[in-house]
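Enquirer:
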Amino acid sequence: MAPKYENAVKQPGKLSPRVKWLRDYYFEGNNRKWNNEYLAYTTGTPWDVQFDQTTYFIVPEMFTYMSPFTASFKAAAEVIPVDDDFWKKSIVERKAIFTKKAVTEKCPVEILPGDLLCGARFNMVYSMCLDKKEQKERNKLVKAARADANWIIQHGYGNSGATSGHVIPNYAKILEHGFKGEYEYIEGLYNKLSDADKNGEKGAQLKAMMTACLMPKELNEKYSAYCLECAAKETDPKRKEELETMAKNCANVPWNPPQNFWEAVQALWTTHFLIMSDERYPGPGVSFGRMDQYMYPFYKKSIDEGMSEDFMKEILGCFWFHCNTVYDAQIRVGGNQGITAGYGQLISLSGMGKDGEDLTNDLTYLMLDVIDDMSPILEPKPNVRIHNNSPEKLIDKVVDMISKSQGAPFLLNFDERSMAGMLREGKMAGLEDKINKDNVYDYASVGCLENTMVGNDRSGTVDNNLNLLKAMELVYGNGKDMAPYYDDLSGKWSKLTQDGPKTGTLAELDTWEKFWEAYKIQTAYIVKKLVDTYEESERIRFKFNPTPYLSTLVNGCAERALDVTRGGPEIRCVTMEGVTYATTVDSLLAVKYLVYDEKICTLEELVQALKDNWEGHEKLQAIAKNKCPKYGRDDDEADKLAQLVMKTWSDEVWKYKTKCTDRQFRPGMLSWNYWIGSSFILKASADGRKCNQFLSNAICPSNGADTNGPTANANSVGTALGGSGEDGDFDGYYNCLPNGASHTITFNTSLIADEGHKEKFKSFIRGYCKNGGTALQINILDADVLRDAQAHPQDYKHLLVRITGYNAYFVTIGRELQDEIIARESHKGY
Amino acid sequence: MRILNIQRMSTEDGPGLRTTLFVKGCPLACAWCHNPESIDPKSHVEWIGIRCIGCQSCIDICPKHGMTLDEEGMHIIPECPACGTCVKECPTEALEMKGLERSVDELFNELIKDRSFWGEEGGITLSGGEILMQYREAAELLAKFKEAGVHTAVDTSGFCSREALDAVIPYADIFLYDLKLFDSEEHKKFTGQNNKIIIDNFEYLLTKAKRIWVRTPIIPGATDTDENIRGIASIVRDRVEKWELCAFNNLCKDKYERLHLVWDYEKSSLMTKDRMNELVDIAKAAGAENVVWSGMSKREE
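Those sequence lines, one after another, are chains A and B.
Counting with our numbering, you get residues 1 to 830 for the letters of the first sequence.
Counting with our numbering, you get residues 831 to 1131 for the letters of the second sequence.
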């Protein structure tokens, strides 16, 4: 999207010519001659299917494209012939063999101008490697699962589906002993199997994983040879030398452990992108973990050997470029759509060590410089871990970077609150041997902000997204939908059926206590509904879609001889993300206020107003919007209910595990963009929202409800997560959501106008660490926001303008003066 | 106490990040006042047109039958006792009560909520109107914060009794002190009072207060002359930690409209950056130290 106010948009920093070229080239998008578009391959059987639609069940917009995508990949797929005995092998072995063939025999080997890293093409969609009977069974299961997944979307429950990525692989072990070490380790495990096991599922899994270990080796041998070919033709002596070094690098890594920083980055990149090839999905939250920690020894060694930090920045600049090329997968679908969405290959920086000490190092700062120079750019996504002992230098750097952009080019992740959540997970899931006080500091985030452990944990962090608000609709309808729903695909209106339990007619719900009980029962029902829906796509993946290469990088899979898709990881969870939280809390507060406390209307009247989408009930709607208490204002009573809502739904989530893969459900609050999409499905809500008006985002208060400003907002979020107390799970902190919760706050530019104000902003960040949530996205107010506030004053009641002695809410001042402030904001001219 | 509002995460009311309590009532009536709703010590009801949906619930419920709505907006009779019935009834918060009664304990519990964010420098600020018009409660509130180990600031016009100052001095870590006009006649003309008490209190405070920041609003045609700044410089000298020249802004026009008042400065233009820098230089040349300027200057495109 082209910014409306160019001069308000941050420009990239000083980049070396090669990195600048690569970055500029990337942003040419569709106009590029080269791209990393999907390559499609098939075994050539007539029944073969390549596109895995189940991985897109959580993307409601995709449902209409599923059949055309399936058909067009089938038409486009190039045949890779397979041996006769291919079909006699297990599915997992077939998958490993075919993936390796596609990657090492077919995928083009290319080097971009000036590039210091090998591995450019990797986005692939290829054969399911199933025989006729298997494919037929899979197709049948997919058809049924798709219908159910679509049903929950169309009825406003949310969405559910077993999707790819969202894991922090054990990259550190590859840097330590290479795939060679991994191969030998798996071979050792295989040799210890009984003969029966060797010939059974376990043996097949380990053999497939050994095949997978050879894939990066064989690919980089090809790259090494190609680098030498290029070097021979190269006339520029400097570039020639680089290509020769790259040939050497690829000959060594990732099969053997890297010997310096350049090799380490090459090893990391190759190991990383092959996961996306293996999963047939571009960049879905496959995250790097604590990169500044495990890369530090290589940094140190290369510094000692005389490599300059500037050259390291060039290597990392190339790495940044490649991470962004994941978006090329569907680059020609919908114009440049490929470069506007977010995939989330996340890097965690800084953070605390085992005894609470800070682990920021020189590489942390080097990487922050790279982020600063490269941004604005989407990938990889950095999260900076902040804790109570974070050094001044780091916070200074963070605030400095924020003040240069309209918003932070990274998310802040807060250690104490996050670690309290992870320890809670250890207790609730019976995983205390895997998550405990001695190792919890080594957690990191995947995707956007979802906290997991590293290298042994797959927690399906975006697989289930539950609209909490749906439970209220079912209360109003006594277990039926409040009103019929329209199905976009079939073009039909739904019939009202008894989907949920009967929890009482409106007349029977004559006290708040009875209403609350009904809400709890319907919440339990909707959680179970998603759990059951998830089992369908999870089972399909369990039976038919192993990822043996990824399995080599997640601890537990080799040891248990079980694929990562079959419950192999040591920590196996699946996350249910609560969506519409604040809208739900505010709606409950509104019901309590309007019906039971102030008796402004009856429950029947309120439900009628909701059925009428508030039309003809404008006064009641205004009271609901303006007079009812709201979450996000640090109001003790409202936040107490918020905490109860949080506890109620999250306790429900912990009750379930997947049946086929033994994965524990755990709660979180990442709303991605569902709060927008679902707002067109879910009916009007008691907080005064009409259907089609946005729902609340993740753990944020409803739009415009945080009238007491950022500190009150932050306090409410901390309280909702559990607050603090002597028995807190970590250092006095509680956190109901191990996954973490997405929180965004928008600040005035004036807050970072000068050095004095930056100090004050630092004070806010330190305060957030004590009282706030797990992760914070900081946005800085810009002229666009102010213009939107002019157009929609009802959504911006909280927007405060403060200029020395004067303060006023932006929307209450006259048009002319608003224009003046906007003009100043777009010129940063206070 | 009779308060106007509480501003959390305030960056403009003393060192660090602070929570500021604004109270109602001021003994001065500066012609340029940026928060005119704070002058009258009595509570009053204000109508904010943009929020009104015209439901007329307020008109129906007013016990004094004192409200009418026409094309110009809402009219509230001058005898309105601010009973708050209409404010409670209004579904859209288009009616706001200016002036709320709160006990010292209530205020303490509300103001302390942001403690985590204050860090080493920040804390609470008691501001106006004029906080020292309610000095007994102010002192009580400050004492509670000092007991809790919180940094405290008092923002005052200095137009108050010595008794009022003495009451708060032991509990105030810093004073934010306004010196507006050096010439006493001019001071009377623009603020309604001469400046003798203010200057005497300033001298007294210099001997008693832990820290002082002086603030001078730079108002076109009133306080922005060379002579005025030289005059104030002769009082301030090098005796305070900071002297801030706050550039005039014109954003409070609507506030005057809501109060049905005419504002003399409606058409005044903003100060230029050059002029503000010049005034700082004049102050320094006249012997003042630690002079800075802040606020909104004229846009230069």
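For glycine and all other residues, C-beta sits at the position ideal for the given N, C-alpha and C.
Computed from a predicted model, the values in this text were never measured in an experiment.
For the beta strand (DSSP E) that contains serine 494/A, what are its first and last residues?
Expert: Here serine 494/A belongs to no beta strand (DSSP E), and DSSP marks it neither H nor E.
Enquirer: Within the same chain, show all residues whose beta-carbon is closer than 6 Å to that of leucine 1009/B, passing over the 5 residues directly before and after it, in chain order.
Expert: Cβ within range, chain order: Val1044, Thr1046 and Ile1062.
Enquirer: Taking the continuous beta strand (DSSP E) assigned at phenylalanine 1012/B, which residues delimit it?
Expert: Careful: phenylalanine 1012/B lies outside any beta strand (DSSP E) and carries neither H nor E.
Enquirer: Should isoleucine 833/B be flagged as near chain A, meaning a C-beta pair shorter than 8 Å?
Expert: Taking Cβ atoms only, chain A never reaches closer than 8 Å to isoleucine 833/B, which makes this a no.
Enquirer: What do you get for methionine 963/B, buried or exposed, if any count of 16 or more other CB atoms within 10 angstroms of its CB means buried?
Expert: When all chains shown are included, methionine 963/B counts as buried.
Enquirer: Between which two residues does the beta strand (DSSP E) carrying tyrosine 41/A extend?
Expert: Note, tyrosine 41/A: beta strand (DSSP E), 39-42.
Enquirer: Helix, strand or coil: how does DSSP classify asparagine 170/A here?
Expert: Correct three-state label for asparagine 170/A: coil.
Enquirer: What runs of the alpha helix (DSSP H), each 4 residues or longer, lie entirely inside the stretch 458-526 of chain A?
Expert: Entirely contained in the stretch 458-526 of chain A, the alpha helix (DSSP H) runs reaching 4 residues are, in chain order, 470-476.
Enquirer: On a CA-only basis, which of Cys892/B, Ile878/B, Leu1035/B and Lys918/B is nearest histidine 791/B? Give me that one, please.
Expert: Chain B is shown only over 831 to 1131; residue 791/B falls outside these bounds and no answer can be derived.
Enquirer: For alanine 582/A, tell me which candidate among Val554/A, Lys640/A and Asp819/A has the shortest Cα-Cα distance.
Expert: With distances taken between Cα atoms, alanine 582/A lies closest to Lys640/A.
Enquirer: Name the residues in the stretch 744-774 of chain A whose C-beta lies less than 7 Å from a C-beta of chain B; which are they?
Expert: The stretch 744-774 of chain A vs chain B, Cβ under 7 Å: Leu751, His757, Lys760, Ser763, Phe764, Arg766, Gly767, Lys770 and Asn771.
Enquirer: Could you check if alanine 2/A is buried or exposed, using at least 16 other CB atoms within 10 Å of its CB as the buried criterion?
Expert: Any reading at alanine 2/A must be qualified, since the residue scores a pLDDT of 34, below 50, and its modelled position is unreliable; no value is offered.
Enquirer: What is the residue span of the alpha helix (DSSP H) that alanine 861/B lies within?
Expert: From DSSP, alanine 861/B is part of no alpha helix (DSSP H); its letter is neither H nor E.
Enquirer: Check distances from the C-beta atoms of the stretch 613-647 of chain A to those of chain B and list, in chain order, the residues that come in under 7 Å.
Expert: Cβ contacts with chain B: Glu618, Lys619, Ala622, Ile623, Asn626, Lys627 and Asp634.
Enquirer: Please identify the residue among Ile174/A, Val653/A, Ser418/A and Val59/A whose C-alpha is closest to the C-alpha of tyrosine 733/A.
Expert: Cα-wise, what sits closest to tyrosine 733/A is Ser418/A.
Enquirer: Measuring CB atoms only, is the stretch 686-696 of chain A touching the stretch 621-636 of chain A, in the sense that at least three cross pairs come out at less than 8 Å?
Expert: Touching, per the Cβ criterion.
Enquirer: Do you know offhand how far isoleucine 97/A's Cα is from alanine 208/A's?
Expert: Using only the alpha carbons, I get a separation of about 8 Å.
Enquirer: Which word fits lysine 136/A, buried or exposed, when buried means at least 16 other C-beta atoms lie within 10 angstroms of its C-beta?
Expert: Burial call: exposed.
Enquirer: Is the Cβ-Cβ distance between leucine 851/B and serine 987/B less than 8 Å?
Expert: No, the pair does not count as a contact, with Cβ atoms beyond the cut-off.
Enquirer: Identify the contact partners of alanine 712/A in chain B, using a Cβ-Cβ distance below 9 Å as the criterion.
Expert: Chain B residues near alanine 712/A: Arg838, Met839, Lys943 and Asp944.
Enquirer: Can you give me the start and stop residues for the beta strand (DSSP E) that phenylalanine 852/B sits inside?
Expert: Residues 848-853.
Enquirer: Could you work out which residues of chain A lie near tryptophan 948/B, taking near to mean beta carbons separated by less than 9 Å?
Expert: Residues of chain A passing the Cβ test: Ser763 and Gly767.
Enquirer: For chain A, find out if any of its Cβ atoms is closer than 8 Å to the Cβ of proline 871/B; answer yes or no.
Expert: So, not an interface residue.
Enquirer: Restricting to runs no shorter than 4 residues, where is the alpha helix (DSSP H) found entirely within the stretch 542-621 of chain A?
Expert: Qualifying alpha helix (DSSP H) stretches, in chain order: 548-551, 581-591 and 603-611.
Enquirer: Provide the residue span of the alpha helix (DSSP H) that contains threonine 749/A, from first to last.
Expert: Here threonine 749/A belongs to no alpha helix (DSSP H), and DSSP marks it neither H nor E.
Enquirer: Should threonine 340/A be labelled buried (16 or more other beta-carbon atoms within 10 Å of its own) or exposed?
Expert: Any reading at threonine 340/A must be qualified, since the residue scores a pLDDT of 41, below 50, and its modelled position is unreliable; the value itself is stated next. By the neighbour-count rule (16 or more Cβ atoms within 10 Å), threonine 340/A is not buried but exposed.
Enquirer: By DSSP, does glutamate 842/B sit in helix, in strand, or in coil?
Expert: In the structure shown, glutamate 842/B sits in coil (DSSP, three-state: anything other than H, G, I, E or B).
Enquirer: Please report the distance separating the alpha-carbon of glycine 338/A from that of cysteine 323/A.
Expert: Annotation note: pLDDT 41 at glycine 338/A (below 50); position unreliable, no value reported.
Enquirer: Indicate the three-state DSSP secondary structure (helix, strand or coil) for proline 60/A in the structure shown.
Expert: Correct three-state label for proline 60/A: helix.
Enquirer: Please determine, among Thr1021/B, Leu1109/B, Ser1099/B and Glu1119/B, the residue with the shortest C-alpha to C-alpha distance to isoleucine 1065/B.
Expert: Nearest option by C-alpha distance: Glu1119/B.
Enquirer: Is histidine 322/A helix, strand or coil by DSSP?
Expert: Reduced to three states, the DSSP call for histidine 322/A is helix.
Enquirer: Let me make sure I understand the geometry here. Which of Met422/A, Val446/A, Ala147/A and Gly556/A has the alpha-carbon closest to that of cysteine 736/A?
Expert: Among Met422/A, Val446/A, Ala147/A and Gly556/A, the Cα nearest to that of cysteine 736/A is on Met422/A.
Enquirer: Please return the same chain residues whose Cβ sits closer than 6 Å to the Cβ of glutamate 182/A, not counting the five positions on each side in sequence.
Expert: Cys213 and Thr552, listed in sequence order.
Enquirer: Please check if any C-beta of chain B sits within less than 8 Å of the C-beta of threonine 812/A.
Expert: Interface residue, yes.
Enquirer: Ignore the nearest five residues each way along the sequence and tell me which others in leucine 299/A's own chain have a CB closer than 6 Å to its CB.
Expert: Reading off the sequence, residue 299/A comes out as tyrosine, not leucine. The residues are Phe261 and Leu363.
Enquirer: Alpha carbon to alpha carbon, how far is serine 587/A from alanine 638/A? Give it in angstroms, no decimals.
Expert: Cα-Cα distance, rounded: 11 Å.
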